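Protein chains: 2
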Amino acid sequence: MSALTNTAFRRLAFSKFTMLSQTSTLKIAASFSTTSVSRDKVLTLDSINSRVRDMEYAVRGALPIRAEQIEAELKTAHKYPFSQTVYCNIGNPQQLGQQPITFLRQVSALVDYPQLLAPENKDKTSLLFPQDAIERASQIMSVVGSSVGAYSGSTGYLKIRQDVADFIEARDGYPSNPANIQLTNGASGAVERVLELIVSNPDVGIMIPIPQYPLYTASLTRFGAHAVSYYLKEEEGWGMDIAGLSRALAESKAKGIDVRAIVVINPGNPTGGVLSEQNMRDIVTFCENQNLVILADEVYQTNIFAPLKRPFVSFKKVVSEMRSTVELFSFHSISKGMIGECGRRGGYLEMHNISDSVASILYKMASVSLCSNVLGQIAIDIMVNPPKPADPSFDQYNTEIDTIYKSLKSRSQKLCNAFNAQENISCQPAQGSMYLFPQINLPKKFLDFCSKNSKTPDEEYCMRMLESTGVCVVPGSGFGQLAGTWHFRCTFLPLEAHFDAFIASFDTFHHNFMNEFRD
Amino acid sequence: MSALTNTAFRRLAFSKFTMLSQTSTLKIAASFSTTSVSRDKVLTLDSINSRVRDMEYAVRGALPIRAEQIEAELKTAHKYPFSQTVYCNIGNPQQLGQQPITFLRQVSALVDYPQLLAPENKDKTSLLFPQDAIERASQIMSVVGSSVGAYSGSTGYLKIRQDVADFIEARDGYPSNPANIQLTNGASGAVERVLELIVSNPDVGIMIPIPQYPLYTASLTRFGAHAVSYYLKEEEGWGMDIAGLSRALAESKAKGIDVRAIVVINPGNPTGGVLSEQNMRDIVTFCENQNLVILADEVYQTNIFAPLKRPFVSFKKVVSEMRSTVELFSFHSISKGMIGECGRRGGYLEMHNISDSVASILYKMASVSLCSNVLGQIAIDIMVNPPKPADPSFDQYNTEIDTIYKSLKSRSQKLCNAFNAQENISCQPAQGSMYLFPQINLPKKFLDFCSKNSKTPDEEYCMRMLESTGVCVVPGSGFGQLAGTWHFRCTFLPLEAHFDAFIASFDTFHHNFMNEFRD
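Chains A and B supply the protein sequences, listed in that same order.
Note that the numbering used here has the first sequence beginning at 22, numbered continuously upward.
Note that the numbering used here has the second sequence beginning at 22, numbered continuously upward.
Here it is, written out as structure tokens:
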């Protein structure tokens with residue numbers, strides 16, 4: 022590469038066509054070659070890490086891959102009885118048209134291009150941004166010191182962790198310390214970090230709910246630990262059953278498994294269940310007696326649809342109230358709730374009752390990856406510290422949050438009713454989260470068909486739904502389910518405007534399906 | 022929690038003080054408690070994952086932790102002979118005052134708050150943003166479809182991966198396929214993913230340069246593999262030595278280590294060396310003969326300071342030119358170069374000669390973490406596809422890039438000269454990257470002092486430098502060095518305006534140090 026092209030290269034691809042013509046050494050068909058050895062690959066399915074090879078992650082498995090194919094085909098041909106695919110396989114609200122929260126985006130844009138805050142642009146910027154967004158952005162710029170383009174400290178900016186701690190303290194009524202908080206790339210990054218910390222050898226087991234969010238089974242396969250399943254009670258709104266926990270634990274211990282921790286997803290994913298406070302107290306007592314660490318996945322803590330009957334209570338609060346010494350990691354995220362900023366990858370974890378020496382190891386783990394993305398950190402800050410009553414954006418912020426909330430609640434009920442109106446389907450109402458997890462009583466004729474054709478029944482049912490309606494859901498087998506029962510997980514995120522059509526297409530599909538396979 | 026507080030909670034912390042006074046169940050000192058059991062912790066340094074416990078990562082080790090303490094103390098007391106700490110331990114340009122690239126930030130702000138693109142705001146937005154930034158932002162909005170707040174596909178938006186492929190193709194003159202590209206949270210995330218893929222059992226070894234960027238040793242400890250060291254030749258501008266590679270490989274094989282891959286950091290970190298094309302060809306031949314996968318860390322590819330003598334050549338180009346079948350992963354990032362957007366966590370990897378089945382496993386690994394942050398993806402897009410000659414922002418973009426480049430080059434020379442002017446210090450010039458890695462010939466008197474006081478000599482030297490000057494560098498032992506030699510890594514990132522003072526303070530420190538310990 023000549024000096025000229027090196028300069029061009031620094032300026033990057035703008036001159037790429039010039040580079041192609043100018044640079045004599047460039048050749049698509051190489052003229053220089055050494056002996057071309059025909060070799061076996063070093064990396065094959067047999068030689069690579071079998072633990073990552075064997076991970077399963079159904080949320081982005083066969084169904085969404087097929088949905089993407091169909092989406093591509095729809096652009097050129099009309100060979101399906103629908104005009105678009107609808108991704109109900111994943112809680113991705115803004116993909117389905119949910120609008121971002123204005124204040125969050127205003128602040129983010131201002132810190133992203135801080136010339137907007139410069140005195141010479143003040144008047145022009147004020148035409149486009151409210152005063153409190155400008156002030157908040159200026160405050161954040163003083164927190165980050167120089168630029169959102171710099172690495173923060175390993176676990177995130179202290180001021181943002183302080184705001185998170187204040188939020189937790191106000192939520193629970195118990196102290197929270199920013200030193201116990203790590204800002205992460207989404208809650209997924211936080212969960213993976215903690216599981217990797219805990220799993221020290223292949224005998225370790227972690228209790229997980231069935232059904233569960235497959236991040237957990239995937240990560241346990243990845244880190245080489247046992248997933249010790251406990252079953253949620255569908256008929257009791259997917260509640261937890263201490264007798265079942267004890268049984269699962271005893272069976273695993275009998276096999277020599279060193280059970281260290283329990284994952285609780287509350288509000289539930291994929292179930293939509295919300296635990297009662299009494300149920301949580303029983304779990305804490307169980308964990309104290311059995312020496313288990315609690316991993317509390319609370320990313321749906323604001324998606325609460327029966328607040329009188331089943332309010333959200335954090336494990337941090339319950340553990341604090343019980344003055345328990347049980348070790349607890351809690352997780353939260355900007356991806357869910359009414360914020361729905363999935364693509365921004367912002368999350369946090371809080372440690373409670375974790376020893377300082379272990380906390381310092383978790384800090385070092387964060388250091389190796391340098392820091393979580395700073396704009397995700399800033400979105401966390403807005404989430405935990407939104408506009409206050411006297412601020413210009415207060416009303417708009419709350420109207421946006423409440424509108425999304427009310428609509429989600431109404432859509433969850435509408436979809437649940439629609440499922441329950443179907444032959445052979447029963448569905449627990451969503452007390453929380455973004456999902457319904459209906460049970461389908463699949464006809465024997467269909468089960469026989471699947472058996473003969475080596476199909477997994479719930480996956481085949483969902484695939485047929487996709488091919489008929491364009492709606493992509495995830496089969497229950499991707500989350501785990503009681504043997505002999507069949508479910509699927511479906512978000513209720515499609516916009517209100519499309520919701521009736523979405524329900525009608527499902528109705529038609531299921532009706533036809535039953536006509537084909539009714540016993 | 023009452024219905025009222027649940028609503029308040031959805032709206033989040035804005036009403037936290039109200040919540041504290043209204044909610045009768047909140048209590049800082051709990052009135053409810055179960056038996057408080059005094060228990061041993063489940064998680065201790067002995068019970069947790071020993072591999073993550075034993076990782077070392079000097080870039081954020083003892084020195085920067087002490088620097089942060091000093092920084093905090095400086096806010097209230099004047100007990101140090103300097104007024105601020107300067108973080109030369111990490112390549113974090115914008116922390117040290119480097120200005121972000123305007124066009125990148127403009128586009129990012131516009132997609133972040135897309136109301137700025139709405140017809141009703143067009144006139145006002147045009148007062149603050151150039152036309153090409155507005156057009157580019159609109160294009161990106163059509164790529165992301167709905168919102169930068171949605172998850173992208175697991176490996177990133179196809180259009181952005183296509184732009185990366187076009188950039189690589191223009192750079193190298195050989196085809197690149199977006200299906201072989203994954204967008205990641207910085208290059209660190211990409212490197213970690215590939216190492217985890219390759220390391221299948223504790224007998225696996227990966228060759229790494231000494232000195233090396235400690236992400237590699239940390240990750241190999243984490244994944245439980247052998248780090249097989251090969252030494253760079255300091256006296257030859259930190260070049261690679263095939264005889265040394267062969268020796269290191271043979272020794273490891275004799276120990277039963279299954280050596281699978283080699284990490285090459287080019288331009289070098291911490292060394293600042295740039296490999297010659299002939300050296301690279303020899304490495305590829307070596308890897309072909311020895312069945313090794315190449316991991317090419319090329320994040321400093323635009324930080325090239327001797328472009329005539331040592332231009333950057335990618336491994337992808339060399340492997341393609343040689344028609345080699347060697348398996349190759351290459352890494353790049355927005356954190357370095359003249360872009361310097363560290364906090365945004367954008368990176369990518371390209372696979373070359375990797376089998377489809379193995380590539381599909383790497384895809385699944387990306388899926389479990391959902392996607393890399395979308396604003397980081399967009400910054401990658403701007404980096405690989407900047408303004409074109411006819412665009413309004415073309416001149417400003419290139420002026421900004423060139424100004425940073427020229428200043429970095431001049432500062433690297435200035436600092437290198439300053440080091441070489443010192444008694445007992447010799448420093449190779451930076452052919453590339455952001456660092457110098459001077460060798461210090463530490464006096465015997467000092468080595469004896471360290472030995473008596475159980476200090477690591479280079480760490481003690483760097484700690485004294487920090488306490489005297491406020492400048493934080495990283496001891497060579499954090500990167501590895503030939504036994505009996507001592508180095509430190511120092512960025513040349515402090516701004517021009519502070520550079521002379523920065524050099525003068527080092528000069529005084531080293532002079533005093535030598536006066537104290539000269540043999």
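A virtual CB, placed ideally from N, CA and C, is assigned to each residue, including glycine.
For clarity, every value in this text was computed on a predicted model and none was experimentally measured.
Between the stretch 375-392 of chain B and the stretch 323-342 of chain B, the count of Cβ pairs shorter than 8 Å is below three; the stretches do not touch.
According to the DSSP assignment, A/V212 belongs to the alpha helix (DSSP H) that extends over 207-219. Annotation: the continuous alpha helix (DSSP H) that includes A/C437 extends over 415-441. Scanning its chain for C-beta atoms nearer than 6 Å, with the 5 sequence neighbours on each side dropped, one finds around B/S273 the residues G226, V249, V280, in chain order. Residue contact check for B/E255 against chain A: no CB pair falls below 7 Å.
At least 7 Å separates the CB of A/T292 from every CB of chain B. In the three-state scheme derived from DSSP, where H, G and I count as helix and E and B as strand, A/Y237 is classed as helix. The contact set of A/P121 on chain B, defined by CB atoms closer than 7 Å, consists of S168, G170 in chain order. Residues of the stretch 390-418 of chain B with a Cβ closer than 8 Å to any Cβ of chain A, in chain order: S390, L391, C392, S393, N394, V395, L396, G397, M404, V405, N406, P407, P408, K409, P410, F415, Y418. In this structure, B/Q398 lies near B/I181, with their beta-carbon atoms less than 7 Å apart. It is roughly 34 Å from the alpha-carbon of A/V314 to the alpha-carbon of A/E480.
Put simply, the CB of A/L149 is near chain B, with a gap under 7 Å to one of its CB atoms. Look at the stretch 235-247 of chain B: the residues with a C-beta under 9 Å from a C-beta of chain A are P235, L236, A239, S240, R243, F244. At a cut-off of 7 Å between C-beta atoms, A/K62 counts as an interface residue with respect to chain B.
Put simply, the CB of B/C483 is far from chain A, with every gap to its CB atoms at 7 Å or more. For B/C511, the uninterrupted beta strand (DSSP E) run begins and ends at 507-512, by DSSP. Setting aside the 5 residues that flank it on each side, A/F500 is surrounded in the same chain by A79, I231, P232, Q233, Y234, P235, P291, F458, H508, R510, each with a C-beta closer than 8 Å to its C-beta; the list follows chain order. Annotation: Cβ neighbours of B/N142 in chain A (cutoff 9 Å, chain order): L148, L149. In this structure, DSSP gives B/L463 a state outside helix and strand, which the three-state scheme calls coil. Among the CB atoms of chain B, one or more fall inside 7 Å of the CB of A/C363. Ranked by Cα distance from B/K276, the first of B/K254, B/P223, B/K96 is B/P223.
A residue is called buried once 16 or more other Cβ atoms fall within 10 Å of its Cβ, and B/L66, having fewer, is exposed. For A/L95, no Cβ of chain B is located within less than 7 Å of the residue's own Cβ.
Considering only B/W259, B/P413, B/D318, B/R157, the residue with the shortest C-alpha distance to B/P450 is B/W259. In the three-state DSSP reduction, B/I325 falls in the strand class (E or B). Not flagged as an interface residue toward chain A: B/Q299, since no C-beta distance is shorter than 7 Å. Counted as a single uninterrupted DSSP element, the stretch harbouring B/H99 is not any beta strand (DSSP E), since DSSP gives it neither H nor E. Here DSSP, grouped into helix, strand and coil, assigns A/M228 to strand.
In the three-state reduction of the DSSP assignment, B/G497 falls in the helix class. In the DSSP assignment, A/A269 falls outside any beta strand (DSSP E) and within the unbroken alpha helix (DSSP H) covering 263-275.
With the rule of 3 Cβ pairs closer than 8 Å, the stretch 431-443 of chain B counts as touching the stretch 511-524 of chain B. At a cut-off of 7 Å between beta-carbon atoms, B/M261 makes no contact with chain A.
Contact with chain A is found for B/Q115, since one of that chain's Cβ atoms lies less than 7 Å from the residue's Cβ. By the C-beta density criterion, A/Q183 is buried, having at least 16 other C-beta atoms within 10 angstroms.
Cβ atoms of A/G364 and B/V395 come within 8 Å of each other, at about 4 Å. Distance from the CA atom of B/G245 to the CA atom of A/V405, rounded to whole angstroms, is 38 Å.
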